[in-house]
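Asks: Take this structure, written in structure tokens, and hold onto it; I'll ask about it next.
Number of protein chains: 2
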Amino acid sequence: MLDDIGRAAREASRMLAVTRSEQRNAALKAIAEALRANKDAIIAANEIDLENGKAAGLSAGLLDRLALNESRIEGMASGCEEVAGLLDPLGVVDYKYTNPAGIDIKRVRVPLGVIGIIYEARPNVTVDAAALCLKSGNAVILRGGKEAINSNITLSDIMRKAICDVGFDCNCIQLITDTSRRCAIELMQLSNHLDVLIPRGGAGLIKSVVENSKVPIIETGTGNCHAFIDETADVQMAAEIIYNAKCSRPSVCNALETLLVHEKAAEKALPVVAEKLRQKKVKIFGCETTRSILGQEVEPATEKEYETEFLDYVLAIKVVKDINEALDHIQRYSSGHSECIITQNKENAENFLHRVDSAAVYVNASTRFTDGNEFGFGAEIGISTQKLHARGPMGISQLTSMKYIIHGDGNIR
Amino acid sequence: MLDDIGRAAREASRMLAVTRSEQRNAALKAIAEALRANKDAIIAANEIDLENGKAAGLSAGLLDRLALNESRIEGMASGCEEVAGLLDPLGVVDYKYTNPAGIDIKRVRVPLGVIGIIYEARPNVTVDAAALCLKSGNAVILRGGKEAINSNITLSDIMRKAICDVGFDCNCIQLITDTSRRCAIELMQLSNHLDVLIPRGGAGLIKSVVENSKVPIIETGTGNCHAFIDETADVQMAAEIIYNAKCSRPSVCNALETLLVHEKAAEKALPVVAEKLRQKKVKIFGCETTRSILGQEVEPATEKEYETEFLDYVLAIKVVKDINEALDHIQRYSSGHSECIITQNKENAENFLHRVDSAAVYVNASTRFTDGNEFGFGAEIGISTQKLHARGPMGISQLTSMKYIIHGDGNIR
Chain G
668 MLDDIGRAAR
678 EASRMLAVTR
688 SEQRNAALKA
698 IAEALRANKD
708 AIIAANEIDL
718 ENGKAAGLSA
728 GLLDRLALNE
738 SRIEGMASGC
748 EEVAGLLDPL
758 GVVDYKYTNP
768 AGIDIKRVRV
778 PLGVIGIIYE
788 ARPNVTVDAA
798 ALCLKSGNAV
808 ILRGGKEAIN
818 SNITLSDIMR
828 KAICDVGFDC
838 NCIQLITDTS
848 RRCAIELMQL
858 SNHLDVLIPR
868 GGAGLIKSVV
878 ENSKVPIIET
888 GTGNCHAFID
898 ETADVQMAAE
908 IIYNAKCSRP
918 SVCNALETLL
928 VHEKAAEKAL
938 PVVAEKLRQK
948 KVKIFGCETT
958 RSILGQEVEP
968 ATEKEYETEF
978 LDYVLAIKVV
988 KDINEALDHI
998 QRYSSGHSEC
1008 IITQNKENAE
1018 NFLHRVDSAA
1028 VYVNASTRFT
1038 DGNEFGFGAE
1048 IGISTQKLHA
1058 RGPMGISQLT
1068 SMKYIIHGDG
1078 NIR
Chain F
668 MLDDIGRAAR
678 EASRMLAVTR
688 SEQRNAALKA
698 IAEALRANKD
708 AIIAANEIDL
718 ENGKAAGLSA
728 GLLDRLALNE
738 SRIEGMASGC
748 EEVAGLLDPL
758 GVVDYKYTNP
768 AGIDIKRVRV
778 PLGVIGIIYE
788 ARPNVTVDAA
798 ALCLKSGNAV
808 ILRGGKEAIN
818 SNITLSDIMR
828 KAICDVGFDC
838 NCIQLITDTS
848 RRCAIELMQL
858 SNHLDVLIPR
868 GGAGLIKSVV
878 ENSKVPIIET
888 GTGNCHAFID
898 ETADVQMAAE
908 IIYNAKCSRP
918 SVCNALETLL
928 VHEKAAEKAL
938 PVVAEKLRQK
948 KVKIFGCETT
958 RSILGQEVEP
968 ATEKEYETEF
978 LDYVLAIKVV
988 KDINEALDHI
998 QRYSSGHSEC
1008 IITQNKENAE
1018 NFLHRVDSAA
1028 VYVNASTRFT
1038 DGNEFGFGAE
1048 IGISTQKLHA
1058 RGPMGISQLT
1068 SMKYIIHGDG
1078 NIR
């Protein structure tokens, strides 16, 4: 069955690759209108998922991610309209060369082809991902979690009908309705039909995809993020940044997980930071020096805490003897997502920027900024923590490949 | 053992990532000098490989690939100097954005980190690949074929000593001396130490890497390339291009393998093309129409011939009823490397360029131009036939990743 879906996606992608920008934007607007027009059907399908979820004992957090209401549907619809408003990433020429033999070489942005998205309980991913793939000229195969299956089927049917009505092959968007693990593994083997597979979800999902996929993948969303307060830091600024990075939305991948503090700044900075974090009752694990400064109610930090992406009101703190120890700690424990230095010293700032090997490296700003919208890309499909193809927030440009177009006049080599 | 090699490469890559352009160029020049100074040792080691190869019954072609002599050593040395002369791909800023919150975002080119190269009998790959990785700030782990092991050990030792003498960690370049298949598979599992694995070699090697690798890979070098002579083609130009694409170097991936001819051009064009190909005694497999025009000494072409990358003086020919049938044939059989249309009709040319989904698409020029040097990149590490990360000839820019560097002044989100 997946083979048929893959074949249909490949076929649809050929047609989609040669559509004009206006046609793809019209399709996105048609989806937005259709979502609004069918909101009752979406809410009804979502209610079945919510009831099943409650019966299955899903947590309140998971049920919240699963829930759709009028305002969330409007959010998905206006999201599609925003994507329609972005500049077309296709057809952009980023390299030109006339070689000594006289041929004219141009490198042009083209779609990747067929993109697989494998995700969990959030049904809005169904619409967001489809919109970004459509905009960038890619056919998409969606595979969401079983918790959201009724919502996803309804959303997918609405989108397919909407694009079909404006002249697109409905198989530009396909949903896999078999939510078994066996079928997910099968999707990961579909290398003849899929150009890339992007997992969106928790660490368990990402790990399973990394281990099982024969399709090229882009790893996203694991963020064990660090901040380093150096000896010259403005303590007040440090406290504001740490509070924002840890507490503004602890469940997301760009939230802070470990704070490193220069030993010469620790006595002064730690009490101010801790005082601020108390507003959200942040639980702190600390090294021995941290505990001697903040008191023994701080629990001892071990290897385990430094390795953990808490995604909660929890922070690990370690006092280090200098910037080199901070860099070594980051090198060892970071997932390569976002790190930040708080400093008034330019040399330390440049040293940190140069030597930290992560997607986003900050001086005196919160790691929470690592986001496609904040970076000026419009919407994002995820945040890549790998180095191949795309790194950091992935917008529609990161969903493209390139092709060389060469004009000659009988040239031979 | 591979784990130690991987760890040492990662450590070396941290140092390498912060070297200046002049330092890396000096290291490349030191390698060039050392290769020249040690040419006798290289030739002596190579002779052992050649003797072992003869004893093992290697083909003349394979022995030729394996052989090093003074001029080939000079070629490797001057190759390193040419790479040193290329513009530094690192540090290039390709995106800038000041967001509404006031942070300054820059996207900067950085090394990928650690690159694995897995290849076959050609010992010059040992030097070429190491030079390109060094230039682009990447540590490299080389794993060549057992046929060339003595040459490779000598070349690797010379390069390691040369870069060490100019202050580099010698583990920027490492060679795996265990040439067993088990060890190759182990390398493909080294995902915690390798950022990318690039196979260079025949279809069997590529297939094994695709099937076994847990490390992100870049597929290179499979070229089932097509040319299409449309009804408006200049027959003389067509014959020259086909002859060049097929015969100038049939063993390489950008050589032509299948010729498609519009039925209205076939009677006129095929005899001229065939006459030209007779100079190199090219063996032709043809469809029924081709055989009715060129005679029954042309053997019948089947599915198998259309699928085959001959890499030899062999060509498949098919007469098609129009450009759409040509596009369908290419879509079905092409490996996505290089295709060409020969036409005097602009609309057909644009249609072909737009709709063929391959790395390089030509109008009125030979597919043999698909090459890093011809495309203006200087040297190349291979030709990617996948769409993720890099497509087509891969120069040093394609051996880089990116990193976002953000300057703030206490900004929070």
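Sequence order for the protein chains is G and F.
Take any residue in the first sequence, note its place counting from 1, add 667, and you have its number in our numbering.
Take any residue in the second sequence, note its place counting from 1, add 667, and you have its number in our numbering.
For every residue, glycine included, the Cβ atom is placed at its ideal position computed from N, Cα and C.
This structure is a prediction, so every number in the text was calculated from the model and none was measured.
1) Flag this pair as yes or no: are the beta carbons of A993(G) and F895(G) separated by less than 7 Å?
2) Here's the rule I'm using: 16 or more other beta-carbon atoms within 10 Å means buried, otherwise exposed. How should K971(G) be labelled?
3) Check whether the Cβ of M1069(G) lies closer than 7 Å to any Cβ atom in chain F.
4) If you draw a straight line from the alpha carbon of A1016(G) to that of T1010(G), how long is it in whole angstroms?
5) Determine, for H1073(F), whether the minimum Cβ-Cβ distance to residues of chain G falls below 7 Å.
6) Is the separation between the beta-carbon of T793(G) and that of G780(G) shorter than 7 Å?
7) Name the DSSP beta bridge partners of C892(F), please?
8) Please report the distance separating the alpha-carbon of G1077(F) from that of M904(G).
9) Is there a C-beta anywhere in chain F that falls below 7 Å from the one on L1066(G)?
10) Quick one: list the residues of chain G neighbouring Y1029(F), beta-carbon separation under 7 Å, in chain order.
11) By DSSP's criteria, F952(G) is part of a beta bridge. Which residues make up the other side?
12) Considering only C-alpha positions, which residue in the set L801(F), I984(F), L1055(F) and G1039(F) is nearest to H893(F)?
13) Between which residues of its own chain and A675(G) is the CB-CB distance below 6 Å, once the five residues before and five after are set aside?
14) Beta carbons nearer than 7 Å to chain F: which residues of the region 912-924 of chain G have them?
15) In the region 1040-1053 of chain F, which residues sit with their C-beta less than 8 Å from some C-beta in chain G, listed in chain order?
16) Starting from K828(F), trace the alpha helix (DSSP H) in both directions and tell me its first and last residue.
17) Assess contact between the region 782-801 of chain F and the region 1041-1057 of chain F, defined as three or more Cβ pairs (one per stretch) separated by less than 8 Å. Is contact present?
18) Return the residue from the list A788(G), N891(G) and I816(G) that minimises the CA-CA distance to G728(G).
19) Would you call A701(F) buried or exposed, if buried means 16 or more other Cβ atoms sit within 10 Å of its Cβ?
20) Do you know offhand how far K948(G)'s Cα is from S1001(G)'s?
21) Which bits of chain G does E907(F) rub up against, with CB to CB less than 8 Å?
22) So with Cβ pairs under 7 Å, would you call R691(F) a contact of chain G?
23) Just reading off the beta strand (DSSP E) that D1076(G) is part of, what are its end residues?
24) What does the Cβ neighbour count give for D832(G), buried or exposed, with the cut at 16 atoms within 10 Å?
25) Can you tell me which of the three DSSP states T1034(F) falls into?
26) Exposed or buried, what is P967(F) when buried is set at 16 or more other beta-carbons lying within 10 Å of its beta-carbon?
27) For my contact list, A693(F) and A829(F) are in at a C-beta cut-off of 8 Å; report their separation, rounded to the angstrom.
28) Going by the DSSP bridge assignment, what does E1006(F) pair with across the sheet?
29) Over the uninterrupted alpha helix (DSSP H) stretch that includes S688(F), give me the two end residues.
30) List the residues that DSSP assigns as beta-bridge partners of P790(G).
31) Starting from G1059(F), find everything on chain G with Cβ-Cβ shorter than 7 Å and list it in chain order.
32) Less than 8 Å between C-beta atoms, sequence neighbours within five positions excluded: which residues of the same chain meet that for A936(G)?
33) For P866(G), would you say it is in contact with chain F, using Cβ-to-Cβ distances shorter than 7 Å as the test?
34) CB-CB under 6 Å to G804(G), same chain, minus the five flanking residues each way: which ones, in chain order?
35) If we ignore side chains and look at the alpha-carbon of each, how far apart do L961(F) and P938(F) end up?
36) Are the CB atoms of I772(F) and F1044(G) within a distance shorter than 7 Å?
Replies: Reading off the structure:
1) yes
2) exposed
3) yes
4) 7 Å
5) A small correction: the amino acid at residue 1073(F) is Ile; His does not occupy that position in the sequence shown. Cβ-Cβ to chain G under 7 Å: yes for I1073(F).
6) no
7) L923(F)
8) 6 Å
9) no
10) I1073 and G1075
11) E966(G) and A983(G)
12) I984(F)
13) N838
14) S915
15) E1041, F1042, G1043 and Q1053
16) I816 to D832
17) yes
18) A788(G)
19) buried
20) 25 Å
21) G1077 and I1079
22) no
23) T1067 to N1078
24) exposed
25) helix
26) exposed
27) With 8 Å as the limit, A693(F) and A829(F) do not qualify as a contact, their Cβ atoms being about 10 Å apart.
28) H893(F) and V1028(F)
29) S688 to A704
30) Bridge partners of P790(G): none, in fact.
31) Y1071
32) I896, A900, V902, A905, A906 and V928
33) no
34) L683, A684, L757 and P778
35) 6 Å
36) no
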